[in-house]
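With our numbering, letter number 306 in the sequence shown gets 446, and the count goes up by one each step, no holes.
Accompanying notes for the structure given below.
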Amino acid sequence: MKKNSTNSYSGLQYFLWLLAGSEISVLSKCPNDYNRHANIGLMILMTSIFASFTGFIAGFTFSHSILGAMLFAVIWGALIFSLDRSMVNSIKKDPTQAEKSMMQYFWPRFFLAVILSFFMSIPLDHIVFKSRIEYQLEKNNINDLKERSSYLNNKYKTKEDSIEASKALNSAEEIENELKSDCPLPEYKTKISEYNTCKSQLTKIKPRIYYTNNDNELVSRTNPAYTKKKNECGRLKVEASQIESQWRTQKQQEAQSEKMRGLSIKTKKKINDSIISVKTDSLETGLNLMKGSFDTQFVTLFLMPNFGVQFLKWLIFLALLVIEILPTYLKLKTPIGQYDWMMYKQERETELETRSRLNALETELNDIEEYRKNKEIGMNKKIIDKVVDIEEKLANEMLEEWESKAREEMMGNVSKS
Numbered sequence: 141m142k143k144n145s146t147n148s149y150s151g152l153q154y155f156l157w158l159l160a161g162s163e164i165s166v167l168s169k170c171p172n173d174y175n176r177h178a179n180i181g182l183m184i185l186m187t188s189i190f191a192s193f194t195g196f197i198a199g200f201t202f203s204h205s206i207l208g209a210m211l212f213a214v215i216w217g218a219l220i221f222s223l224d225r226s227m228v229n230s231i232k233k234d235p236t237q238a239e240k241s242m243m244q245y246f247w248p249r250f251f252l253a254v255i256l257s258f259f260m261s262i263p264l265d266h267i268v269f270k271s272r273i274e275y276q277l278e279k280n281n282i283n284d285l286k287e288r289s290s291y292l293n294n295k296y297k298t299k300e301d302s303i304e305a306s307k308a309l310n311s312a313e314e315i316e317n318e319l320k321s322d323c324p325l326p327e328y329k330t331k332i333s334e335y336n337t338c339k340s341q342l343t344k345i346k347p348r349i350y351y352t353n354n355d356n357e358l359v360s361r362t363n364p365a366y367t368k369k370k371n372e373c374g375r376l377k378v379e380a381s382q383i384e385s386q387w388r389t390q391k392q393q394e395a396q397s398e399k400m401r402g403l404s405i406k407t408k409k410k411i412n413d414s415i416i417s418v419k420t421d422s423l424e425t426g427l428n429l430m431k432g433s434f435d436t437q438f439v440t441l442f443l444m445p446n447f448g449v450q451f452l453k454w455l456i457f458l459a460l461l462v463i464e465i466l467p468t469y470l471k472l473k474t475p476i477g478q479y480d481w482m483m484y485k486q487e488r489e490t491e492l493e494t495r496s497r498l499n500a501l502e503t504e505l506n507d508i509e510e511y512r513k514n515k516e517i518g519m520n521k522k523i524i525d526k527v528v529d530i531e532e533k534l535a536n537e538m539l540e541e542w543e544s545k546a547r548e549e550m551m552g553n554v555s556k557s
């Protein structure tokens with residue numbers, strides 16, 4: 141227990157006064173304000189401790205190092221402490237103008253408190269909504285991969301290539317199946333029909349003609365009609381075979397071309413699928429690496445389309461804002477107390493003493509200046525008098541010299557005459 145005359149205060153109060161930035165030499169004489177300033181110091185202390193806690197979370201999330209997180213927590217806590225202390229201490233109350241509103245001091249500090257509360261709430265949000273952030277990150281990654289896959293598929297036209305390859309291979313298979321049947325060309329069917337008719341007619345013609353010669357012997361010879369019809373049937377068969385051969389050759393070429401085109405498209409699609417797979421895997425790896433980054437988690441939470449999460453997040457921010465601005469608000473709204481009067485009195489005394497010293501110094505400087513001016517004037521007068529005497533003496537000497545020369549000249553003229 142420390143004592144000052146009849147007033148006593150505890151060491152804890154003294155410590156909190158230091159944190160509040162109070163003038164202890166003045167406050168110790170104002171027992172009515174002991175608790176008020178101790179409460180302000182306590183609130184600044186608690187805000188700084190909480191800021192250090194959130195700073196540790198942010199530092200560990202970013203660096204994954206306990207030492208780095210502790211260093212950042214100390215720096216962040218010290219920064220918040222100094223800013224809070226400055227916001228409170230920079231408010232000077234004038235007891236002679238107690239009726240005047242001091243809210244003009246509030247708004248600049250309020251905007252600063254908004255910024256500080258925003259940065260203090262971010263690490264806390266990452267703890268409270270950790271599972272929601274992880275879920276949303278996974279969902280966003282899946283959507284990103286789907287969008288990327290869709291974009292790459294559209295870029296490399298994998299769907300169109302797959303359809304086109306299937307069409308080409310199916311077309312080749314249809315042609316091969318068509319080759320297993322007879323030629324469907326009308327001209328081929330016409331030739332086959334003519335050939336069948338010719339064969340039917342040929343069967344009705346005897347290949348040889350029998351007759352009795354002069355010796356009354358039965359002999360035979362080739363029937364010219366049969367030979368002609370047989371040659372005609374052979375010609376029709378050859379023409380039909382040529383038509384069928386040309387058709388089959390053409391169809392085989394078409395089937396081979398379609399098959400090669402289908403296989404080429406499938407090879408191209410396979411290469412593109414490999415490229416898409418590599419790029420998708422690269423994106424997935426990058427997204428997985430970004431999942432643990434502080435900025436990714438912040439953006440994910442900030443843009444999370446969940447009303448409940450957003451409501452609670454901003455509620456946490458408002459709570460921190462109240463904690464941050466409360467010391468300043470209490471400083472502004474509490475009535476004028478002993479401490480304010482004592483500080484006003486001390487500042488006025490200091491002001492009057494300073495003004496008195498300045499006035500005395502100004503008077504002394506004026507006296508010195510007046511003395512310097514008087515001395516300077518006297519010195520100038522003496523110099524002027526001396527100059528006048530010297531000029532007068534020089535003038536007299538010049539006149540005497542001129543008079544002497546004039547007399548000598550006059551005497552010379554008299555002597556000549």
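Think of the CB as a built atom: it goes at the ideal place given N, C-alpha and C, for glycine as much as any other residue.
Contacts around residue i, its chain only, beta-carbon distance under 8 Å, and the 5 residues preceding and following it disregarded
i      : result
Val166 : Tyr479, Met482, Met483, Gln486
Ile215 : Gly195
Lys399 : Ala308, Leu309, Ala312
Leu443 : none
Asn293 : Lys299, Ile416
Check whether residue i and residue j have beta carbons under 7 Å apart
i      : j      : result
Asn342 : Lys370 : The residue you asked about is not Asn; residue 342 is Leu in the sequence shown. In contact: Leu342 and Lys370 (Cβ atoms closer than 7 Å).
Leu277 : Thr420 : no
Asp301 : Ile405 : yes
Pro263 : Ala198 : yes
Phe258 : Phe434 : no
Glu304 : Ala395 : no
Ser261 : Leu460 : yes
Ile273 : Gln450 : no
Cys373 : Lys339 : yes
Lys453 : Asp265 : yes
Ser192 : Ala213 : yes
Leu325 : Trp387 : yes
Same chain, Cβ closer than 7 Å to residue i, five either side skipped, listed in chain order
i      : result
Ile180 : Ala160, Val228, Pro467, Leu470, Lys471
Trp157 : Ile164, Leu167, His177, Ala178, Gly181
Glu384 : Cys323, Tyr328
Phe457 : Ser257, Phe258, Ser261
Glu334 : Leu376
Gln153 : Tyr174, Ala178
Tyr245 : Ile231, Leu472
Residue i (DSSP reduced to helix, strand or coil)
i      : result
Thr407 : helix
Ser271 : helix
Ser192 : helix
Thr362 : strand
Arg349 : Per the sequence shown, the amino acid found at residue 349 is Ile instead of Arg. Residue state, collapsed to three classes: strand.
Ser162 : coil
Ser333 : helix
Ser148 : strand
Thr474 : coil
His266 : helix
Ser205 : coil
Cys170 : coil
Ser397 : helix
Met141 : The predicted position of Met141 is uncertain, since its pLDDT is 45 and thus under 50; a value taken from the coordinates is nonetheless stated next. Met141 falls in the coil class under three-state DSSP.
Leu443 : coil
Ser302 : helix
Met550 : helix
Pro467 : helix
Ile508 : helix
Lys515 : helix
Nearest to residue i (by Cα), restricted to the options the options
i      : options                        : result
Lys299 : Thr494, Lys473, Glu531, Asn412 : Asn412
Ser306 : Ser230, Glu274, Lys344, Lys409 : Lys409
Arg488 : Phe212, Ile189, Lys232         : Lys232
Thr187 : Glu394, Ile220, Cys323         : Ile220
Lys346 : Leu452, Leu423, Pro364         : Pro364
Phe251 : Lys295, Leu211, Ile465         : Ile465
Arg225 : Ser205, Phe212, Arg249         : Arg249
Lys391 : Ser555, Glu313, Thr337         : Glu313
Ile476 : Asn172, Thr330, Lys295         : Asn172
Ile463 : Cys170, Ala218, Phe190         : Phe190
Gly217 : Tyr275, Ile184, Val528, Lys344 : Ile184
Phe200 : Lys169, Ser150, Ile267, Glu509 : Ile267
Tyr366 : Glu379, Arg348, Gln382, Ala380 : Arg348
Below-7 Å beta-carbon distance, residue i vs any chain B residue
i      : result
Asp435 : Looking for chain B here will not work: only one protein chain is present.
Residue i Cβ short of 6 Å to the ligand ADP heavy atom set
i      : result
Leu470 : The ligand ADP is not part of this structure, which contains no ligands at all.
Own chain residues within Cβ distance below 6 Å of residue i, not counting five before or after
i      : result
Ser145 : Because Ser145 carries a pLDDT of 48, less than 50, the predicted location of this residue cannot be relied on, and the following value inherits that uncertainty. So no residue of the chain qualifies.
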